[in-house]
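Residue numbers (my numbering): 18 to 307.
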């Protein structure tokens, strides 16, 4: 890293990860709460991304990386997205039920989905000491299912999942981090929530199409059980800091498992296939610029 003459926050050679979103001039709302049209996003919305050997940025959009986790820091941004989901849920639950509610009684967490955000959601739960289950389409003896178990999650194949527990208070979940973007899975996951349960939407389809779904049970359960359903996108500085600190924490306990998240490391000339396709059992592909 090189720095300009007026920069005081960083020194030449520091390791950093960049945020994706940047506010337009004059915006004062928290960055990740800005409405469409009030921000740009590198590689997503109105700005080029980071698949280049060098790029220029302002210090307020950068986060310092401890050298000990340099090889893992590329996962900080997706992890920050899941960290926001956990933090938003914790903030709202604490406002409803008291500051100690999930400290005294750690929430049972359900993660739906096995992509990079799904695994990020598992890490966010594990780092907080929250018991977590992951639901996915893989067979239990596959790489991703085994990796989830090695992180400490309980893996449940989707066909073996009890989506409508007879006793939700005993067998249900306090928090569902929905990472598939599937409306069917979202509705099914909502049926597993205990009283005062929270569902966080971390995924969606890019171009939703009209479909017929019965949402009456979601509405009834949400009403009588005081459920919260929240959508989150992007991440706040708080969430980036949590992502970096949790990567450092988990490296001390799950170093091999963290390394296994990076299922492909490719040079730029070979990267196009990974942008256009999904590798079977793949989780996170990294483009190496050197």
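No residue lacks a Cβ here, since even glycine has one placed at the ideal position from N, Cα and C.
Identify whether residue 250 lies in helix, strand or coil by the three-state DSSP scheme. coil
Residue 290 lies in the alpha helix (DSSP H); which residues open and close that run? 289-293
In this structure, does DSSP put residue 286 in helix, strand or coil? helix
So, at 6 Å on beta carbons, what are the nonlocal neighbours of residue 135 in its own chain, with the 5 sequence-adjacent residues on each side left out? 128, 196
Three-state class that DSSP yields for residue 269 in the structure shown: helix
Strictly by DSSP, which residues pair up with residue 193? 127, 216
When you compare the region 264-271 with the region 59-73, are there three or more beta-carbon pairs, one atom per stretch, that lie closer than 8 Å? no
Which residue comes first and which comes last in the beta strand (DSSP E) that contains residue 153? 149-153
Name the residue from 149, 176, 188, 133 whose alpha carbon lies nearest to the alpha carbon of residue 161. 133
Tell me which same chain residues have a C-beta within less than 6 Å of the C-beta of residue 246, skipping the five on either side of it? 216
Taking the alpha carbon of residue 64 as the reference point, which residue from 40, 198, 120 has its own alpha carbon closest? 40
Cβ shell of residue 305 (< 6 Å), same chain only, five flanking positions each side left out: 282, 284
Using a threshold of 8 Å, state whether the C-beta atoms of residue 238 and residue 198 are closer than that. no
Cβ-based burial, residue 292 [other Cβ within 10 Å; buried from 16]: exposed
Are there three or more Cβ pairs, one per stretch, closer than 8 Å when the region 227-237 is compared with the region 102-121? no
Considering only the alpha carbon of each residue, which of 106, 279, 307, 193 lies closest to residue 298? 279
Mapping the DSSP letters down to three states, classify residue 235 as helix, strand or coil. helix
Per the contact definition of three or more C-beta pairs closer than 8 Å, is the region 24-32 in contact with the region 77-87? yes
Cα-Cα separation, residue 189 to residue 159: 26 Å
Quick one, which of 213, 18, 252 has its alpha-carbon nearest residue 119's? 213
Burial state of residue 287 (16 or more Cβ within 10 Å): exposed
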